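Q: The listed protein sequences correspond, in order, to chains A and D. Sequential numbering from 751 applies to the first sequence in my numbering. Sequential numbering from 223 applies to the second sequence in my numbering. Don't be surprised by glycine CBs; every beta carbon is placed ideally from N, CA and C. Source: prediction; values computed, not measured. Okay, here's the structure, questions in a sec.
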Amino acid sequence: MNIIETIKKNKLLTAVSLAYVFLFIAMPDKAYLSVKNSMYYIIEMLQIMPVVFILTSIIEAWVPKEVIVNGFGEKAGIKGGVFSLLLGSFSAGPIYAAFPICKILLKKGASIANVVIILSAWAVIKVPMLANEAKFLGIQFMGIRWVFTVIAIIIMAYLMTIFVKKEDIPVQKGQNLDKVTGIDIKVQYCIGCGLCEKLLPQYFEVVGKKAKWKGSILNDAQIDELKPIIDACPVKAIDFK
Amino acid sequence: MDIFTVSLWGITGAALIVSLVKDKQKTFNSMKMAKGMMKNMVGQIVGILLLIGLILTFIPPEVIKDVLGASNPFISTIVSALAGSITLIPAFVAFPLVGSLVDVGASIVPAVAFLTTLTMVGLVTFPLERQEFGLKFAAARNIFSFVFAVVIALAMGVII
Numbered sequence: 751m752n753i754i755e756t757i758k759k760n761k762l763l764t765a766v767s768l769a770y771v772f773l774f775i776a777m778p779d780k781a782y783l784s785v786k787n788s789m790y791y792i793i794e795m796l797q798i799m800p801v802v803f804i805l806t807s808i809i810e811a812w813v814p815k816e817v818i819v820n821g822f823g824e825k826a827g828i829k830g831g832v833f834s835l836l837l838g839s840f841s842a843g844p845i846y847a848a849f850p851i852c853k854i855l856l857k858k859g860a861s862i863a864n865v866v867i868i869l870s871a872w873a874v875i876k877v878p879m880l881a882n883e884a885k886f887l888g889i890q891f892m893g894i895r896w897v898f899t900v901i902a903i904i905i906m907a908y909l910m911t912i913f914v915k916k917e918d919i920p921v922q923k924g925q926n927l928d929k930v931t932g933i934d935i936k937v938q939y940c941i942g943c944g945l946c947e948k949l950l951p952q953y954f955e956v957v958g959k960k961a962k963w964k965g966s967i968l969n970d971a972q973i974d975e976l977k978p979i980i981d982a983c984p985v986k987a988i989d990f991k
Numbered sequence: 223m224d225i226f227t228v229s230l231w232g233i234t235g236a237a238l239i240v241s242l243v244k245d246k247q248k249t250f251n252s253m254k255m256a257k258g259m260m261k262n263m264v265g266q267i268v269g270i271l272l273l274i275g276l277i278l279t280f281i282p283p284e285v286i287k288d289v290l291g292a293s294n295p296f297i298s299t300i301v302s303a304l305a306g307s308i309t310l311i312p313a314f315v316a317f318p319l320v321g322s323l324v325d326v327g328a329s330i331v332p333a334v335a336f337l338t339t340l341t342m343v344g345l346v347t348f349p350l351e352r353q354e355f356g357l358k359f360a361a362a363r364n365i366f367s368f369v370f371a372v373v374i375a376l377a378m379g380v381i382i
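Encoded structure:
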C-alpha cells in the first residue's frame with residue numbers, strides 16, 4: 751500500500767499526528783501535556799480492547815445465527831420480538847452490516863416490527879459494546895441507557911408497523927443456482943474482515959480493506975466449495991451472481 | 223485495574239477456554255475475522271485517543287461545562303443528536319471520547335443523545351438503507367430513532 755492511500759484511509763489519525771508534530775515544535779510543553787492527558791484513556795482502552803476482541807470472536811463462533819435466521823418464519827408475537835432482540839444484541843459490525851441479513855429475514859416472513867428491533871438492537875445494544883460503554887461511562891450509565899433503549903426500540907417497532915407496510919419494501923428476485931456465473935461481492939457491506947481470504951485464498955483477496963473476487967468460471971464442485979463461505983461471511987456480502 | 227475490568231477479564235477468559243476446548247478451529251476462525259475488523263479500526267482508535275489529549279489540553283473544562291453542561295440542556299442535546307446522526311465512527315471509538323468530555327463536566331444528556339444517534343441514525347448510510355428497504359421504511363426508522371434518542375437522553379438526565 752502506498753503512502754497516499756494509507757493517509758487517505760487514516761484521515762483522522764493523520765490530522766491528529768500532524769497537529770502533534772506541529773505542537774512538539776511550537777509548544778513542547780502543551781504537546782507533552784496532551785500526551786499525558788491522552789495516556790489515561792489509552793491505558794483504559796488497552797485494558798478493555800482484548801476483552802471486546804475475544805467477546806466478539808466467541809459470539810461470532812457460537813451464536814447460531816443460521817439457526818435463529820432459519821427459525822424465524824412467520825413467528826410473531828413476543829417470542830419473535832425476543833429472538834430479534836437477541837439476534838441484534840449478539841452481533842458484530844456497524845448497522846449497515848445488518849441490512850442484508852434483515853433482507854433475508856423479510857423474505858422468510860419476518861415482520862416489519864422484528865426487523866426494526868434487529869436493526870436497532872444491532873446498532874445500540876451489542877454486548878461487547880456494552881462492556882466498553884460501562885468501562886468509560888460507568889455501569890450505572892450503561893444499565894440505565896440499556897433499559898431505556900430497549901423500551902424505546904419496542905415502542906418504535908410498534909410505531910413502524912403503523913407507518914410502513916411490507917409492500918413498501920422492494921423485493922429482489924430469487925436466483926437460480928444453475929445459472930451461476932461467478933461471485934458478486936457487495937462492496938458497500940464488506941467490512942474487510944478477511945475471513946473469505948483466510949478460508950479460501952484461491953478465490954478471494956482483500957484489497958484496500960475490501961474483499962475481491964479473484965474471478966474464474968465456476969464448475970459445480972467449486973460452487974459447492976463456495977457455498978459455506980457465503981453463509982460464513984459475517985455481513986452476508988458475498989453471493990452468487 | 224478496577225473490579226469491573228478484572229471481572230470482565232475473568233468472564234471472558236473462562237468463556238475463551240470453554241470455546242477453545244469445544245472447537246479450536248472454529249474459535250480461531252472467528253478470531254481471525256474479529257482481528258480483521260479490529261485492524262480496520264486501529265487508526266481511528268489511536269486518532270481519537272490522541273485527539274482527547276488535545277481537547278483536554280486546549281479546551282478549558284469551563285468551556286466544555288458551559289457548552290455541553292447542564293445550563294442549556296435542550297439546545298446542546300439537539301446539536302449533539304445531529305452531530306451523532308452525521309458522524310460515522312464506530313461506537314467503540316466514541317465511548318472514550320464521550321467519557322472524557324463527561325469526566326471534565328459535560329452533562330450526560332447530550333452525551334447520551336450523541337451516542338444513541340451515532341449508532342441508530344445514519345445519514346451517511348441512508349442511501350444504502352433506502353435501496354434495501356425503500357424510502358418509507360428508511361425515512362421513518364431514522365426519524366423515529368432520532369426522536370427516541372432525544373427522549374432517552376432527556377429521560378436519563380432526569381434519573382441520573
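My output table needs one value for residue 813 of chain A: the three-state DSSP class, helix, strand or coil.
A: Three-state result, residue 813 of chain A: coil.
Q: Terminal residues of the continuous alpha helix (DSSP H) containing residue 957 of chain A?
A: Segment 954-957 is the beta strand (DSSP E) holding residue 957 of chain A; no alpha helix (DSSP H) there.
Q: What are the complete beta strand (DSSP E) segments, minimum 3 residues, inside the region 859-936 of chain A?
A: 933-935, all fully within the region 859-936 of chain A.
Q: Compare the beta carbon distance of residue 315 of chain D and residue 267 of chain D with 7 Å and say whether it is the shorter of the two.
A: Yes. Within cutoff.
Q: On the DSSP bridge list, what partners appear for residue 962 of chain A?
A: Beta-bridge pairing links residue 962 of chain A to A:955.
Q: Are the CB atoms of residue 955 of chain A and residue 948 of chain A nearer to each other than 7 Å?
A: No, the pair does not count as a contact, with Cβ atoms beyond the cut-off.
Q: Nearest chain A C-beta to residue 266 of chain D closer than 7 Å, yes or no?
A: Yes, residue 266 of chain D counts as interfacial toward chain A.
Q: Quick one: what's residue 988 of chain A bridged to in DSSP?
A: Beta-bridge pairing links residue 988 of chain A to A:935.
Q: Starting from the Cα of residue 797 of chain A, find the closest Cα among D:280, D:232 and D:378 and give me that residue.
A: Ranking the options by Cα distance to residue 797 of chain A, first place goes to D:232.
Q: Identify, in the order they occur along the chain, each residue of the same chain with its Cβ nearer than 6 Å to the Cβ of residue 1031 of chain A, setting aside the five sequence neighbours on each side.
A: Coverage of chain A is limited to positions 751 through 991, which leaves residue 1031 of chain A absent and any answer about it impossible.
Q: Could you check if residue 282 of chain D is buried or exposed, using at least 16 other CB atoms within 10 Å of its CB as the buried criterion?
A: By the 10 Å Cβ count, residue 282 of chain D comes out exposed.
Q: Measure from the C-beta of residue 943 of chain A to each C-beta in chain D and report whether the shortest distance is under 7 Å.
A: For residue 943 of chain A, the answer is yes, since a Cβ of chain D falls inside 7 Å of its Cβ.
Q: Helix, strand or coil: which one does DSSP assign to residue 338 of chain D?
A: Looking at residue 338 of chain D - three-state DSSP - the assignment turns out to be helix.
Q: Enumerated in chain order, which unbroken segments of the alpha helix (DSSP H) with a length of 4 residues or greater are wholly contained in the region 758-813 of chain A?
A: DSSP runs (the alpha helix (DSSP H)) wholly in the region 758-813 of chain A: 761-776 and 778-812.
Q: Looking at the structure shown, is residue 249 of chain D part of a helix, part of a strand, or coil, going by DSSP?
A: Three-state DSSP puts residue 249 of chain D in a helix.
Q: For the alpha helix (DSSP H) holding residue 295 of chain D, just list the boundary residues, first then last.
A: Start and end: 295-308.
Q: In chain D, what lies closer than 7 Å to residue 881 of chain A by C-beta?
A: Going along chain D in sequence order, the residues near residue 881 of chain A (Cβ under 7 Å) are 230.
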